[in-house]
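Engineer:
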Amino acid sequence: MPMHEALAARRDLVVERWKTQVRGTLAPNAMASFELVDHIPEFVDEIIATLRSDAGAPPDHTASDDASTAAGHGTQRLRLGFSLDSVVREYGVLRDVIVAAVREDSQPTFRELQVLFDCIVSGIAVAVSSYTQQRDAELVRQANEHFAFIAHELRNPLSTATLAFQLLEQRGELPQNSSAVGSLRRGLLRTTELVDQTLQTARVASGVELRREWTTLHALFEEVQLAAQPEANLHGVELRLTIGSTARISVDVRLLRSAVGNLLRNGVKYTAHPSVVELRGTITDGRVVIEVEDHCGGLPPGKVEAAFAPFVRLDDKQSGFGLGLAIAKQAADAHGGSIRVQNLPGKGCIFVLDLPVAVDEA
Numbered sequence: 027m028p029m030h031e032a033l034a035a036r037r038d039l040v041v042e043r044w045k046t047q048v049r050g051t052l053a054p055n056a057m058a059s060f061e062l063v064d065h066i067p068e069f070v071d072e073i074i075a076t077l078r079s080d081a082g083a084p085p086d087h088t089a090s091d092d093a094s095t096a097a098g099h100g101t102q103r104l105r106l107g108f109s110l111d112s113v114v115r116e117y118g119v120l121r122d123v124i125v126a127a128v129r130e131d132s133q134p135t136f137r138e139l140q141v142l143f144d145c146i147v148s149g150i151a152v153a154v155s156s157y158t159q160q161r162d163a164e165l166v167r168q169a170n171e172h173f174a175f176i177a178h179e180l181r182n183p184l185s186t187a188t189l190a191f192q193l194l195e196q197r198g199e200l201p202q203n204s205s206a207v208g209s210l211r212r213g214l215l216r217t218t219e220l221v222d223q224t225l226q227t228a229r230v231a232s233g234v235e236l237r238r239e240w241t242t243l244h245a246l247f248e249e250v251q252l253a254a255q256p257e258a259n260l261h262g263v264e265l266r267l268t269i270g271s272t273a274r275i276s277v278d279v280r281l282l283r284s285a286v287g288n289l290l291r292n293g294v295k296y297t298a299h300p301s302v303v304e305l306r307g308t309i310t311d312g313r314v315v316i317e318v319e320d321h322c323g324g325l326p327p328g329k330v331e332a333a334f335a336p337f338v339r340l341d342d343k344q345s346g347f348g349l350g351l352a353i354a355k356q357a358a359d360a361h362g363g364s365i366r367v368q369n370l371p372g373k374g375c376i377f378v379l380d381l382p383v384a385v386d387e388a
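Numbering-wise (the numbering used here), the sequence shown opens with residue 27 and increments by one.
The structure is reproduced here in structure tokens:
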């Protein structure tokens, strides 16, 4: 008897024997049967269909050919708290149960056993991949929640400290041209920037829907220039704006403002002092292209490829946490656009943000 026929005849018995072996060892005794079994019957059907196909038998149109069976099993096991080792061992138990069951009616050929083992290995690979992807996504989500919580907790005392510092400055109660006062000012500015970046990273990574609204490049550039101007003045950097269109565009203003602001502040931070950082914007054929050109001298080898990864600093001599470009990339991705860097060795860099947008020319 061909193996696919023997397995089809003993399908329910295989599932019951598998349940008996994994219950109390790989799975809790109290687990409901439907949760314990999960996708296993459908996976056995897939094995039968594969064996039939390999033997040249006509396909059984009642059999499942859903390639997502193992993926769904891996995801379900993660949700129920199974270890990755248990997921792998479940498939090993299934293999042994199938071999023992079919040998009660026939002697499988080497080829049939090879097909079975290939199916089991493939199922393990897909289940493990699904399990780890979901687990990693959950870890990232938890980390983002943790960072966002810390950032929120820091924001109030930081705002209080910043307001107190500004009030003392306005009253003239701080020594003029004091290096300590300058260090305090820069420290407050950088800490505020980090808190804002952390909150923005957590928001984008959480996958929230875009909140689109109408704005113009002029309004957007005016806001980011205002935010970057104090640091630019501190370093003697001129911010030069070029706006090629007065049309309105539909974007998530907060996300785009954060992205462009981070690009502009990065330009100020890394460019030669004194120098110029240019911010340019155009709207053509339903796309907005925003460029930030600096005079940082160009990126060192290996930095271009990693520029938009979190916690990567373009220059190890500069302070910061390397979140600015990662936030810009997240904003570009959220809008269905892209971001790239044109490296100009010996001169600087041009960061290009390219987004599809709805445009109102009125």
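All C-beta atoms in this analysis are idealised placements derived from N, C-alpha and C, irrespective of residue type, glycine included.
Considering G307, what are the terminal residues of the alpha helix (DSSP H) in which it resides?
Structural biologist: Not the alpha helix (DSSP H): G307 falls in the beta strand (DSSP E), residues S301 to T310.
Engineer: Below 8 Å on the Cβ atoms is my guess for V114 versus I150; work out the distance and round it to an integer in Å.
Structural biologist: The pair is a contact, with the Cβ atoms about 6 Å apart (cut-off 8 Å).
Engineer: Kindly indicate which residue of V286, G362 and L110 has the alpha-carbon position closest to the one of F377.
Structural biologist: Among V286, G362 and L110, the Cα nearest to that of F377 is on V286.
Engineer: Per DSSP, S364 is paired with what?
Structural biologist: In DSSP, S364 forms a bridge with D380.
Engineer: Candidates K295, P134 and Q102: which alpha carbon is nearest A254's?
Structural biologist: Nearest C-alpha to A254: K295.
Engineer: Going by DSSP, what residues sit across from V277 in a beta bridge?
Structural biologist: Per DSSP, E239.
Engineer: Assuming N288 contacts I353 under a Cβ cut-off of 8 Å, what Cβ separation, rounded to an integer in Å, is found between them?
Structural biologist: Confirmed, about 5 Å.
Engineer: Who are the near neighbours of S59 in its chain, counting only those whose CB is closer than 6 Å to its CB and skipping five residues on each side?
Structural biologist: Excluding positions up to five away in sequence, the list is empty.
Engineer: Give the DSSP-derived three-state secondary structure of F347 in the structure shown.
Structural biologist: In this predicted model, F347 has a pLDDT of only 42, less than 50, meaning its place in the structure is not dependable; the value taken from the coordinates is given anyway. Three-state DSSP puts F347 in coil, outside helix and strand.
Engineer: Can you tell me the Cα-Cα spacing of D386 and S109, whole angstroms?
Structural biologist: Rounded to the nearest angstrom, the two C-alpha atoms are 53 Å apart.
Engineer: In angstroms with no decimal places, state the Cα-to-Cα distance between F347 and E219.
Structural biologist: Residue placement at F347 is flagged as unreliable, the pLDDT there being 42, under the threshold of 50; a coordinate-derived value is accordingly withheld.
Engineer: Rounded to whole angstroms, what's the CA-CA distance from E130 to E68? Just pull it up for me.
Structural biologist: Computed Cα separation, rounded: 22 Å.
Engineer: Could you tell me how far apart the beta carbons of I74 and A34 are, in whole angstroms, since I believe they sit closer than 8 Å?
Structural biologist: Between A34 and I74 the Cβ distance is about 5 Å, and since that is below 8 Å, they are a contact.
Engineer: Using 10 angstroms around the beta-carbon of V166, count the other beta-carbons present and answer buried if the total reaches 16, otherwise exposed.
Structural biologist: Exposed, by the Cβ-count rule.
Engineer: For L77, which option in G118, E138, T51 and R49 has the closest C-alpha, if you only look at C-alpha atoms?
Structural biologist: Minimum Cα distance to L77 is reached at E138.
Engineer: Less than 8 Å between C-beta atoms, sequence neighbours within five positions excluded: which residues of the same chain meet that for R49?
Structural biologist: Excluding residues within five positions, the ones whose Cβ falls inside 8 Å are N55, M57 and L62.
Engineer: Considering Cα atoms alone, identify which of D122, V263 and S155 is closest to F143.
Structural biologist: When only C-alpha atoms are compared, the closest one is D122.
Engineer: Return the residue from the list L189, R280 and S301 that minimises the CA-CA distance to W240.
Structural biologist: Nearest C-alpha to W240: R280.
Engineer: Look at A358 and D380 and say whether their C-beta atoms are less than 9 Å apart.
Structural biologist: Taking 9 Å as the Cβ cut-off, A358 and D380 qualify as a contacting pair.
Engineer: Could you tell me the distance, in whole angstroms, from the CA atom of N259 to the CA atom of R105?
Structural biologist: So the alpha carbons of these two residues sit roughly 53 Å apart.
Engineer: Note the first and the last residue of the continuous alpha helix (DSSP H) segment covering L104.
Structural biologist: Counting along the chain, the alpha helix (DSSP H) containing L104 begins and ends at T95 to R105.
Engineer: Skipping 5 residues on each side, what residues in its chain have a beta carbon closer than 7 Å to that of A32?
Structural biologist: Taken in chain order, the residues that qualify are V128, D131 and S132.
Engineer: Specify the secondary structure class of T88 as computed by DSSP and reduced to three states.
Structural biologist: Any reading at T88 must be qualified, since the residue scores a pLDDT of 48, below 50, and its modelled position is unreliable; the value itself is stated next. In this structure, T88 counts as coil in the three-state DSSP scheme.
Engineer: With distance defined between alpha-carbon atoms, name the residue in R237, W44, K355 and E317 nearest to F247.
Structural biologist: Nearest C-alpha to F247: E317.
Engineer: Provide the residue span of the beta strand (DSSP E) that contains L52, from first to last.
Structural biologist: It is not in any beta strand (DSSP E) - L52 carries neither H nor E in the DSSP assignment.
Engineer: In three-state terms, what does DSSP make of L220?
Structural biologist: Looking at L220 - three-state DSSP - the assignment turns out to be helix.
Engineer: Taking only three categories from DSSP, how would you classify N203?
Structural biologist: DSSP places N203 in coil when its eight states are reduced to three.
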